[in-house]
Amino acid sequence: MGAGFVGVVLGIFGTRRTQWGSLAGLVLGLVVLGYAGLFGLGLLSPPLEEDRRHLIRSLDWFNRAYGHIDAENLQGTELSSMLHTALEEARRVDADRIEARIPGFAVRFDEDYRAGLELMIQGVDTGDREALVQAGLLLDRWAVWSDDRRDALERVGREIPPLAAFIGIV
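Set out below in structure tokens:
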């Protein structure tokens, strides 16, 4: 965005001196500013925004379900429903696309988080305490891994791709 602004300012100064090269800078700067503005207005969304949204929804549903778990109430339709919703949202996340931004994400997400959710659902639906313990271990490992990469995970889906990549030059 800063480059677009600089291009426009230099273009304006150049056109006052009737330099044709500055007109190209002005046009290029306006294109860059317009491109960034489309993201700012929400008319375009970053490529990983949908994956980010599903990841956040899945984690939110899991956290809600986790708040309902206690020693006496390990079964229940409400808890099971929350866990199923968390798993459905997790299945919508394209972990391989996020892997390009955060190395190791796909493996940890699939082997720890998704697998942990599946075991948690199995344990809640059948009363299998061993599945619940295994799920807890997997989900704890996911929590430690994701907490170590919290900043990178928070940036996923918020980056504006380069203009050249957007129009297919790169």
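Note that my numbering numbers the sequence shown so that position 94 is 108, with each residue one more than the last. Note that the Cβ used here is the ideal one computed from N, Cα and C, for glycine as well.
Span separating the alpha-carbon of T140 from that of E63: Numbered from 1 along the sequence shown, position 126 holds the residue referred to as residue 140. Numbered from 1 along the sequence shown, position 49 holds the residue referred to as residue 63. Approximately 35 Å between the Cα atoms of the pair.
Restricting to runs no shorter than 3 residues, where is the beta strand (DSSP E) found entirely within the segment 109 to 134? none
Burial state of D154, where buried means 16 or more other Cβ atoms lie within 10 Å: As a first step, residue 154 is located in the sequence shown; it is residue number 140 there, counting from the start. Exposed: under 16 other Cβ atoms inside 10 Å.
Helix, strand or coil at R66 according to DSSP, with G and I counted as helix: Stepping through the sequence shown from its first residue, residue 66 is reached at position 52. R66 falls in the helix class under three-state DSSP.
Report the rounded CA-to-CA distance for V170 versus E103, giving the unit in angstroms. Here residue 170 is taken as the residue at index 156 of the sequence shown, counted from 1. Here residue 103 is taken as the residue at index 89 of the sequence shown, counted from 1. Looking at the two C-alpha atoms, the distance is approximately 16 Å.
Pick out whichever of L167, L69, W159, E168 has its Cα sitting closest to the Cα of R105. Translated into positions along the sequence shown, residue 105 becomes position 91. Checked all of L167, L69, W159, E168; the closest Cα to R105 is L69.
On the criterion of 16 or more Cβ atoms from any shown chain inside 10 Å, does G81 qualify as buried, or is it exposed? Locating residue 81 in the sequence shown gives position 67, counting from the first residue. Exposed, since its Cβ has fewer than 16 Cβ neighbours within 10 Å.
Once you ignore the five residues that flank A166 on each side, which residues in its own chain have a CB closer than 8 Å to its CB? Within the sequence shown, residue 166 is the residue found at index 152, counting from 1. Closer than 8 Å at the Cβ level, and outside the excluded window around A166, lie R115, I116.
Out of Y127, E92, S95, point me to the one whose CA is closest to V107's CA. Position 93 of the sequence shown, counted from the start, is the residue given in the question as residue 107. Among Y127, E92, S95, the Cα nearest to that of V107 is on Y127.
So what's V138 in DSSP terms, helix, strand or just coil? Counted from its first residue, the sequence shown places residue 138 at position 124. V138 falls in the helix class under three-state DSSP.
Roughly how many whole angstroms lie between the Cα atoms of L131 and A79? For this step, residue 131 is matched to residue 117 along the sequence shown. For this step, residue 79 is matched to residue 65 along the sequence shown. Between L131 and A79, the C-alpha separation is close to 11 Å.
Can you check whether the CB of L146 is closer than 7 Å to the CB of G137? By one-based count along the sequence shown, residue 137 stands at place 123. By one-based count along the sequence shown, residue 146 stands at place 132. Yes. Within cutoff.
Could you say which of L133, R143, F123 lies nearest to S160 if we only look at CA atoms? Here residue 160 refers to the residue found at position 146 of the sequence shown. For S160, the nearest C-alpha among the options comes from F123.
Have a look at R71 and E144 and give me their C-alpha separation to the nearest angstrom. For this step, residue 71 is matched to residue 57 along the sequence shown. For this step, residue 144 is matched to residue 130 along the sequence shown. Whole-angstrom Cα-Cα distance: 27 Å.
Per-residue burial, R66 [other beta carbons within 10 Å of its own, 16 or more giving buried]: The count along the sequence shown starts at 1 and reaches residue 66 at position 52. When all chains shown are included, R66 counts as buried.
If you compare alpha carbons, which of A100, V121, E92, E168 is closest to L133? The sequence position of residue 133 within the sequence shown is 119, counting from 1. For L133, the nearest C-alpha among the options comes from A100.
Contact under 7 Å by Cβ, F119 with E113: If you number the sequence shown from 1, residue 119 lands on position 105. If you number the sequence shown from 1, residue 113 lands on position 99. Contact flag set, yes.
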